[in-house]
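These protein sequences, in sequence, are chains P and F.
According to my numbering, the residues represented by the first sequence are 1 to 109, in order.
According to my numbering, the residues represented by the second sequence are 110 to 814, in order.
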Amino acid sequence: MAEGAEVKKEEAQADSGRRIHTYPLIRHSDMNEEMRTESMELCVTACEKFANNNENAAKMIKEAMDKRFGASWHVIVGEGYGFEVTHEVKNLLYMFFGGNMGICVWKCA
Amino acid sequence: MPKSKSNKSQVKTSSKSRKAAVAVKPKQENIQEEETFTADDPDALGLGFDDWLQPRQLIKPDDQLELTDAELKEEFTRILDACNPNAAKNLIRFNFSEASYKQLASIEQLAFHFSMDGCVLHKESDAARRQATMHGASVTATSSIVINVDEAAEEDDETKQTSEEAETQQQPQQQQQEPRASSAKGDAPTTKIANQFNCSERAAQTYNNPFRDHGTQTEPPPRAVFKANVSQWEINDAYAVDFESQQQKTKEKPKATSGKGGDKTRRKFSAVENPGEELFRVAATARIVERMVNQNTYDEIAQDFKYWEDPMDGTSDQEGTLLPLWRFAYERTKRLAVTSLRWNPLYSDMFVVGHGSYEFTKQPRGVVCCYSLKNPSHPEQTIATSCGVTCVDIHPTLPHTIAVGRYDGGVAIYDIKERPRKPIYESSAESKHADPVWQIKWQRDDVDDNINFISVSSDGRVCLWTAVKCELACTEVIQLLIADAVSDGPDGTQLRTLGCGTTIDFHPTQTQMYLVGTEEGKIHKCLLSYSNRFLQTYDAHQMAVYGVQWNPFHPNVFISCSADWSVKIWDHTQTEPSFTFDLGSVVGDVAWAPHSSTVFAACTCDGRVHVYDLSVSKHSALCCQTVVQKKNTKLTHIAFNPVNPIILAGDDRGAVMSLKLSPNLRKVKCDKKGQRLESSPETEVAKLDKILDVVRETPKPLKDM
Numbered sequence: 001m002a003e004g005a006e007v008k009k010e011e012a013q014a015d016s017g018r019r020i021h022t023y024p025l026i027r028h029s030d031m032n033e034e035m036r037t038e039s040m041e042l043c044v045t046a047c048e049k050f051a052n053n054n055e056n057a058a059k060m061i062k063e064a065m066d067k068r069f070g071a072s073w074h075v076i077v078g079e080g081y082g083f084e085v086t087h088e089v090k091n092l093l094y095m096f097f098g099g100n101m102g103i104c105v106w107k108c109a
Numbered sequence: 110m111p112k113s114k115s116n117k118s119q120v121k122t123s124s125k126s127r128k129a130a131v132a133v134k135p136k137q138e139n140i141q142e143e144e145t146f147t148a149d150d151p152d153a154l155g156l157g158f159d160d161w162l163q164p165r166q167l168i169k170p171d172d173q174l175e176l177t178d179a180e181l182k183e184e185f186t187r188i189l190d191a192c193n194p195n196a197a198k199n200l201i202r203f204n205f206s207e208a209s210y211k212q213l214a215s216i217e218q219l220a221f222h223f224s225m226d227g228c229v230l231h232k233e234s235d236a237a238r239r240q241a242t243m244h245g246a247s248v249t250a251t252s253s254i255v256i257n258v259d260e261a262a263e264e265d266d267e268t269k270q271t272s273e274e275a276e277t278q279q280q281p282q283q284q285q286q287e288p289r290a291s292s293a294k295g296d297a298p299t300t301k302i303a304n305q306f307n308c309s310e311r312a313a314q315t316y317n318n319p320f321r322d323h324g325t326q327t328e329p330p331p332r333a334v335f336k337a338n339v340s341q342w343e344i345n346d347a348y349a350v351d352f353e354s355q356q357q358k359t360k361e362k363p364k365a366t367s368g369k370g371g372d373k374t375r376r377k378f379s380a381v382e383n384p385g386e387e388l389f390r391v392a393a394t395a396r397i398v399e400r401m402v403n404q405n406t407y408d409e410i411a412q413d414f415k416y417w418e419d420p421m422d423g424t425s426d427q428e429g430t431l432l433p434l435w436r437f438a439y440e441r442t443k444r445l446a447v448t449s450l451r452w453n454p455l456y457s458d459m460f461v462v463g464h465g466s467y468e469f470t471k472q473p474r475g476v477v478c479c480y481s482l483k484n485p486s487h488p489e490q491t492i493a494t495s496c497g498v499t500c501v502d503i504h505p506t507l508p509h510t511i512a513v514g515r516y517d518g519g520v521a522i523y524d525i526k527e528r529p530r531k532p533i534y535e536s537s538a539e540s541k542h543a544d545p546v547w548q549i550k551w552q553r554d555d556v557d558d559n560i561n562f563i564s565v566s567s568d569g570r571v572c573l574w575t576a577v578k579c580e581l582a583c584t585e586v587i588q589l590l591i592a593d594a595v596s597d598g599p600d601g602t603q604l605r606t607l608g609c610g611t612t613i614d615f616h617p618t619q620t621q622m623y624l625v626g627t628e629e630g631k632i633h634k635c636l637l638s639y640s641n642r643f644l645q646t647y648d649a650h651q652m653a654v655y656g657v658q659w660n661p662f663h664p665n666v667f668i669s670c671s672a673d674w675s676v677k678i679w680d681h682t683q684t685e686p687s688f689t690f691d692l693g694s695v696v697g698d699v700a701w702a703p704h705s706s707t708v709f710a711a712c713t714c715d716g717r718v719h720v721y722d723l724s725v726s727k728h729s730a731l732c733c734q735t736v737v738q739k740k741n742t743k744l745t746h747i748a749f750n751p752v753n754p755i756i757l758a759g760d761d762r763g764a765v766m767s768l769k770l771s772p773n774l775r776k777v778k779c780d781k782k783g784q785r786l787e788s789s790p791e792t793e794v795a796k797l798d799k800i801l802d803v804v805r806e807t808p809k810p811l812k813d814m
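Next up, the structure:
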């Protein structure tokens, strides 16, 4: 299991022992190191910016990834969904953020 | 009657004309204008003609100015001039000749209101003629027709002329026409004006390769399938697990930081070493290239070294020659004398030269150079020492270990493999000799496997130095006491004067026995174990003994050379020398040849090398040759190469000459059939014995010590 790269522990609520960790946690990724960090930071920025609008966040991420890494990226931002996708090898990022947000970013023509 | 309105410079107009400017009725204007003019004009002729015209009526427009009579009568002066109102009044231009701004004296007043270029050409002009020829027959035809018409007209007109005249006129005219026409016709096609810039057009079509379609499909980037489920509890679980693992990490971190720091420094070192390693690789390659260049430069010498044999040697049995090969010189040692020469025992092409000075007053720095025959232009290694080097010796089994003795009495061991040129062992201030160390000889490793060597010096001591851990331990082997000179000291004790040792040599087989030569001319035979007395003393020479060497084959024979111009060969069992040779000059050094027991060479201060072969001639040298390039150069040392037939001779100018022995000088004995006998040590000994027997008188018994 991949571990979070950043060690910022923003403990949002100390609610009777139940802690919500909001730092970005990469669950699965087969990108190379720099690509991964860059994508992760992009996702974090987008989600923070559009905290209540998943569609816009996903749009921002998708457009930025297209511009930066090449055509045909697909982005899902949400709290509850299942997926099975075909992605180009070394171009997938699946991460959690904000305690309840799951983001999946992959490239496929 | 129209009045000529000439250009008057001044025309007075009255206010009435101003009124006339407003055009209501042109007729009225004319009338008024004319009136004014006629009023002024003295030739008022047309007064009467306008009587029949309409009576004058003043029609004023509505917005006309109401002026009083006085104002109406006012006269305004208008000045008409030929100046261009739009032209500048004062133009100022920069005058380069006077380098200042100047106002133009006269200003162009001409203003073109309209200009148009006409397209009419004069018939007789060049352009028109050209045009005519270009247009060709049509034009001339028409012109001829015109001419005919004209002629006809002329004919008609000039009826007074006779028909003949007319005919004659016609004919020449016709003739003129015809040639004109024909010429015109002829001109049209033939006189095409040559265009100087006329490029002839040539065109060609190369073969165009046919087109071909080509298509390819690259392999698409590899794809993989990934599936997962996103839900709140999964996210929560994932964070919890990750948090725990991070907690563990923070505990392990303080333990791990020290290890990480070490890694970083190691990484730094490797990064630094890499360019150094590359430099080393370059150095190795550069060395090879240097040798190649040297070989090419000194190609002839290299060939001579290998293959040249003096053909003269076939003629005379008694003579040999030395062929000069390379000359080894180093700029830093130009003013230093060669004080010591040693061939490397393991590598037959390497030798070590010690440079210093024999002068007592001037003591410059010393240099030890390691040369290779493969690179004659530059020493492979150099070691600089603080004081002049007087002797060097190479360890027999460790070819990179060199022992160096200095003029100040100190000794040191250097390792030429190491980069910084510092001695690995050095004698301390207490243990060093008081006078220059004249000879150094390596010994076999002692019981504890420490390397050790023996040094002899002018302070009369022979010392054994052992390299123990980090320092050189000195033990005195023997003191060179002069037996006769015992003087009384101030306390009543007897002071013993010490002789000055100049040279030492150890027996090749009986390693305990050695010979020491002194400045008093004596040679002492000693044993390492006996530290207070000599086995025997030979009164060898009148002056200082400069070189002593045991014969490599015969166990009893040794040779000595001295400043008294002589070289003597001894049998150590006898007190008198077996052979004595007078060389005519101070003999700097003597050496036995490694290949034969009867051959030896000596070098003298007049720059000559003498080579003797006792089996050929017992009295004279086989070769006596000047090897130095400049006069007044003394030869200081000589050394035979153990493998190749080469001698090195060092001079006092810091240069080392290498010389090749001619065949006569390195003869191997042949038996009667002409085949080479195997030169074993026994044969060599037998050879020398035979010679010595001739000279030997009845052996004198050894004096008991």
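Ideal Cβ placement from N, Cα and C applies to all residues, glycine included.
Which residues in chain P have a C-beta closer than 7 Å to the C-beta of residue i? List them in chain order.
i	result
F/Phe437	Going along chain P, no residue has its Cβ under 7 Å from F/Phe437, so there is no contact; the nearest lies around 60 Å.
F/Ile397	Going along chain P, no residue has its Cβ under 7 Å from F/Ile397, so there is no contact; the nearest lies around 43 Å.
Mind pulling the chain P residues with CB within less than 8 Å of residue i?
i	result
F/Gln341	Glu79, Gly80 and Asn100
Counting contacts by CB-CB distance shorter than 8 Å, is residue i in contact with chain P?
i	result
F/Ile560	no
F/Ala493	no
F/Ile525	no
F/Ile344	yes
Which residues of chain P have a Cβ atom closer than 9 Å to the Cβ of residue i, listed in chain order?
i	result
F/Ile336	According to the sequence provided, residue 336 of chain F is Lys. The question's Ile does not apply to it. Going along chain P in sequence order, the residues near F/Lys336 (Cβ under 9 Å) are Gly82, Phe83, Glu84 and Val85.
Applying a beta-carbon distance threshold of less than 7 Å, which residues of chain F neighbour residue i?
i	result
P/Leu25	Ala347, Tyr348 and Asp351
P/His74	Chain F residues near P/His74: none, gap ~12 Å exceeds 7 Å.
P/Cys47	Chain F residues near P/Cys47: none, gap ~13 Å exceeds 7 Å.
Is the shortest distance between the beta-carbon of residue i and the beta-carbons of chain F less than 8 Å?
i	result
P/Leu92	yes
P/Phe113	The requested residue 113 of chain P does not occur in the structure, where chain P is confined to residues 1 to 109.
P/Val105	no
Give the interface partners of residue i over in chain B, defined as CB-CB distance under 9 Å, in chain order.
i	result
P/Val89	Absent from the structure: chain B. Protein chains present are P and F.
Rank the options by C-alpha distance to the C-alpha of residue i and give the top, closest one.
i	options	result
F/Pro329	P/Gly78, P/His87 and P/Lys59	P/His87
F/Cys192	F/Pro485, F/Ser209 and F/Phe221	F/Phe221
F/Val334	P/Ser29, P/Pro24, P/Met60 and P/Gly99	P/Ser29
F/Cys714	F/Phe306, F/Cys670 and F/Lys550	F/Cys670
F/Leu213	F/Asn199, F/Ala395 and F/Ser224	F/Asn199
F/Lys631	F/Thr611, F/Ser640, F/Leu637 and F/Arg642	F/Thr611
F/His746	F/His464, F/Ile563 and F/Ala582	F/His464
F/Ile549	F/Lys799, F/Leu770 and F/Ile563	F/Ile563
Consult DSSP for residue i and reduce its assignment to one of helix, strand or coil.
i	result
P/Thr37	helix
P/Phe50	coil
P/Gly4	Caution is warranted here: a pLDDT of 47 is assigned to P/Gly4, below 50, making its placement in the model unreliable, and no coordinate value can be reported.
F/Asn318	coil
F/Ile168	coil
F/Gln357	helix
F/Phe469	coil
F/Asn204	strand
F/Ile800	helix
F/Trp674	coil
F/Val513	strand
F/Asn750	coil
At 8 Å on the CB atoms, spell out the chain F contacts of residue i, in chain order.
i	result
P/Cys108	Arg332
For the region 515–523 of chain F against the region 538–552 of chain F, do three or more pairs of beta-carbon atoms, one drawn from each stretch, fall closer than 8 Å, so that the two count as touching? yes
Are at least three pairs of beta-carbons, each pair with one atom in the region 61–72 of chain P and one in the region 348–368 of chain F, less than 8 Å apart? no
Stretch pair the region 437–444 of chain F + the region 735–752 of chain F: three plus CB contacts closer than 8 Å: no
Quick check: the region 416–426 of chain F against the region 463–476 of chain F, are there 3 or more CB pairs under 8 Å? no
Is the number of C-beta pairs between the region 701–719 of chain F and the region 395–414 of chain F that are closer than 8 Å three or more? No, the region 701–719 of chain F is not in contact with the region 395–414 of chain F.
Stretch-stretch touch, CB-based, cutoff 8 Å, three pairs: the region 74–82 of chain P with the region 46–60 of chain P: Segment contact: the region 74–82 of chain P against the region 46–60 of chain P, three or more CB-CB distances shorter than 8 Å; contact assigned.
Is it true that the region 661–675 of chain F meets the region 616–623 of chain F, where meeting means three or more beta-carbon pairs spaced less than 8 Å apart? Contact holds: three or more Cβ-Cβ distances are below 8 Å.
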